[in-house]
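Chains as they are written, first to last, in the numbering used here: chain A, 1 to 768; chain B, 1001 to 1050. Backbone N, C-alpha and C define an ideal beta-carbon position, used for all residues, glycine too. Since the model is a prediction, treat every value here as computed from it, not as a measurement. To start, the structure itself, in structure tokens.
In structure tokens, the structure reads:
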């Protein structure tokens, strides 16, 4: 018998046959099975060699043929367990190999296909898959996902994720970082901070406060895969407004004094004088506070007195220039604040993070600071948003969230009522702000007057982190965020239960158990990271308690302030699959829906109590997920009316978007689910026409949400824009301003004519 | 190119249509994935009568 000399590898190359390689693979399988025996391993390898040699000298067997032979030999020798291990090993290698092939195909698609034709490249609408940096990000994402799937998940988790029983969100970042943070700007700005590329001193004017706020959001975005929020935008900007006003007050007074006395430099004199008054009264010059107008009066009188006493001018003159300086300083500060807010909005829509592929996902919460400085900041961020970007475009970022609170801004007579009204005017035109309702019981339970950190803030997408089982003394919105979240394909569980309610709940419990385990596995990976893995988030003390850690410390303990969220999609389709119709259709179904979601919440609470980690229930945002599950389920079950017959599953607990229902009923039915989904929720109402012309209707809906106990809500209405003539509003087939249809051109003469009527019209250059 | 040299402006330029996607906005709808586009298409308006 002639021994086999060569074999053919998978890539087609012929190499020398090496029996020791077979022996070593067999030995590994035996060791894994707990039956390590080198002699037996060599015997199996020999036998395989003999069998192969039957084919003759010219025969080169393939790897697959050899492996088949090894399996047979192991079985024949009675090493059943080792044979199993060997088969498992082979399957795993095959999967990884196939993974590599599909990885290459995916990279090929990213490289060569127009994003408009590739759904994969539009998975996240915020990334432009047609650009170099966007494509590079997508290639990295694809590679990371392949690695994570094969190396970091258990087999059960891998199959569940792969087959669409669950969806592990931001899976590309599985082993790298956490989701999001509400950045407390006041704490970050105090004594300055470093971006890693240079140190920034504590800001001293509203312009710097706004600029540094954008930088903080950008820097933190590079450490996390989700969005970046500011929970206290008004309170933080108020400090900057105050600093600008104080400086401007001194400058205006100096200029007036110089005009009167003819002296060239009264700057030091005025500054010393104002500082002395400030020291005496315990506070510097401030804007007039409607709640306490006396303190500004007192300050001005003291300054007037000191000026007159100096002998440089008489009392009446002093009083006159102090009054005019205050007036001018206030006007100038207001203008500076508007410019700062305008710059902030422009920055957030143009600056990039993540290898330049994405604008940061930014959200700002405000509305409750009643100080005159905070009010000035709120009014101007709203006005800048109302004005739009350079060509009047609606700004996409930041997401604005207006905090609604009775006694602060909700009712006539409340100190910020005027700003609440203004916010609705702006939102009716620009889609932002959205509204978070602090009076809803599940938000009110945390609220402590005078402690803004206890006001619920939300990430724009809806993520909410408030309760804290890890540290119940820190139930605050600041400096915390979500760690990771995984969503459950609820309609599939219902379909697999074939109308058997008991079976549905059993399957649901098993799936939540699987997800909870997977979230804990992911937490373990995240917890082992060090502070140096998050140079801004942890290194600059943005995350709660991270300032207590050194650069080489593990982040495990401080991460426990964050949340682990179990999400879901398609309650409406779930109910239809189980009972025949959804919760918009009958009160009975509403009760069934609340029972399911209530059950899921109980599970999360139980997990939180067991682990002392913040498990919570999330009404998943589901952008890419809206189509992923249903595409798979259509393949499995076909198109079942009311369940799998559309291109998307209905978002979270929403009433289906296609179902006719009044705004009032939609809000009434969805509100109770807000109370159950403690990791985040949102309800939308769709209004027709140009709501900018009907702010009253808009307000009716916001008030309805407040009174119904909604946590977070927003109102959708069409916002169209014709880039050629700059018209913003509702555009049907024809632009109401320039009269063109989509894709048609307009004559330059006509645009010039229109510009006489609308002087603010942009000059379209075709480059936008 | 200066504006006055062009006779006609805006050929092949579409309208921008901004809608809320999952809480946030995106620039224009051409960047949305197919499922969310379908969902947006199906959205019905909600009346204000009770």
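Item: Closer than 8 angstroms by beta-carbon distance: list the chain B residues that pair up with residue 622 of chain A, in chain order.; Value: 1022
Item: Could you check if residue 297 of chain A is buried or exposed, using at least 16 other CB atoms within 10 Å of its CB as the buried criterion?; Value: exposed
Item: How should residue 1004 of chain B be labelled, buried or exposed, when 16 other C-beta atoms within 10 angstroms of its C-beta is the threshold for buried?; Value: Low per-residue confidence applies at residue 1004 of chain B: pLDDT is 49, beneath 50, and the placement is therefore not dependable, though the value from the model is reported in the following sentence. Exposed, since its Cβ has fewer than 16 Cβ neighbours within 10 Å.
Item: Helix or strand or just coil, what does DSSP make of residue 397 of chain A?; Value: coil
Item: Please report the Cβ distance between residue 270 of chain A and residue 300 of chain A, rounded to the nearest whole angstrom; I am assuming they are in contact, meaning their Cβ atoms lie under 8 angstroms.; Value: About 14 angstroms; that fails the 8 angstroms criterion.
Item: Using a Cβ-Cβ cutoff of less than 8 angstroms, which residues in the same chain neighbour residue 684 of chain A once the five nearest sequence positions on both sides are dropped?; Value: 654, 713, 714, 715, 716
Item: Any idea which residues DSSP pairs residue 194 of chain A with across the strands?; Value: A:199
Item: Would you tell me roughly how many angstroms separate the C-alpha atoms of residue 700 of chain A and residue 429 of chain A, rounded to the nearest one?; Value: 16 angstroms
Item: With H, G and I counted as helix, E and B as strand and the rest as coil, what does DSSP make of residue 403 of chain A?; Value: strand
Item: Going by C-alpha distance, which of A:675, A:734, A:747 is nearest residue 1009 of chain B?; Value: A:747
Item: Does at least one heavy atom of the ligand MN sit under 7 angstroms from the Cβ of residue 398 of chain A?; Value: Because no ligand of any kind appears in the structure shown, any question about the ligand MN cannot be addressed here.
Item: Determine whether the Cβ of residue 274 of chain A lies closer than 8 angstroms to any Cβ atom of chain B.; Value: no
Item: Can you say whether residue 764 of chain A is buried or exposed, counting buried as having 16 or more other CB atoms within 10 angstroms of its CB?; Value: buried
Item: Can you pull the DSSP bridge partners for residue 289 of chain A?; Value: A:292
Item: Which residue's Cα is closest to the Cα of residue 47 of chain A: A:28, A:35, A:762, A:67?; Value: A:67
Item: What are the start and end residues of each continuous alpha helix (DSSP H) run of 4 or more residues lying completely inside the segment 146-178 of chain A, in chain order?; Value: 155-163
Item: Hey, out of A:206, A:736, A:216, A:278, whose CA is closest to residue 194 of chain A's CA?; Value: A:216
Item: The beta strand (DSSP E) spanning residue 1039 of chain B covers which residue range?; Value: Counting along the chain, residue 1039 of chain B falls outside any beta strand (DSSP E), though it belongs to the alpha helix (DSSP H) covering 1034-1042.
Item: How would you label residue 1046 of chain B, buried or exposed, when you count the other beta carbons within 10 angstroms and need 16 or more for buried?; Value: buried
Item: Leaving out five residues on either side along the sequence, give the residues of the same chain with a beta carbon under 6 angstroms from the beta carbon of residue 207 of chain A.; Value: 340
Item: How long is the line joining the alpha carbons of residue 222 of chain A and residue 127 of chain A, rounded to whole angstroms?; Value: 15 angstroms
Item: Can you check which of these residues, A:494, A:692, A:135, A:108, is closest to residue 572 of chain A by C-alpha distance?; Value: A:494
Item: Would you report the Cα separation of residue 484 of chain A and residue 613 of chain A, rounded to the nearest angstrom?; Value: 12 angstroms
Item: Would residue 34 of chain A pass as an interface residue toward chain B - the criterion being a Cβ-Cβ separation below 8 angstroms?; Value: no
Item: When Cβ atoms are compared, which residues of the segment 452-468 of chain A fall closer than 7 angstroms to chain B?; Value: 460, 461, 462
Item: If contacts are defined as beta-carbon pairs under 8 angstroms, then residue 41 of chain A and residue 27 of chain A qualify, I think. What distance do you get, rounded to the angstrom?; Value: 4 angstroms
Item: Output yes if chain B places a C-beta closer than 8 angstroms to the C-beta of residue 770 of chain A; else output no.; Value: In the structure displayed, chain A extends from 1 to 768; residue 770 of chain A sits before or after that span and is not available.
Item: Going by CA-CA distance only, name the one from A:745, A:141, A:702 that's closest to residue 171 of chain A.; Value: A:141
Item: Shortest alpha-carbon distance to residue 434 of chain A belongs to which of A:390, A:473, A:385, A:467?; Value: A:385
Item: Quick check: what's the CA-CA separation for residue 287 of chain A versus residue 238 of chain A?; Value: 11 angstroms
Item: Could you tell me the alpha carbon to alpha carbon distance between residue 427 of chain A and residue 383 of chain A, rounded to whole angstroms?; Value: 11 angstroms
Item: Should the segment 390-410 of chain A be regarded as contacting the segment 363-374 of chain A, the criterion being three or more beta carbon pairs within less than 8 angstroms?; Value: yes
Item: Short of 7 angstroms in beta carbon distance, which residues of its chain neighbour residue 267 of chain A, apart from the five on each side in sequence? Order them along the chain.; Value: 254
Item: What is the DSSP secondary structure of residue 438 of chain A, reduced to helix, strand or coil?; Value: coil
Item: Compute the Euclidean distance between the alpha carbons of residue 376 of chain A and residue 693 of chain A, then round it to the nearest angstrom.; Value: 26 angstroms
Item: Quick one: give me the first and last residue of the alpha helix (DSSP H) that residue 251 of chain A is part of.; Value: 233-261
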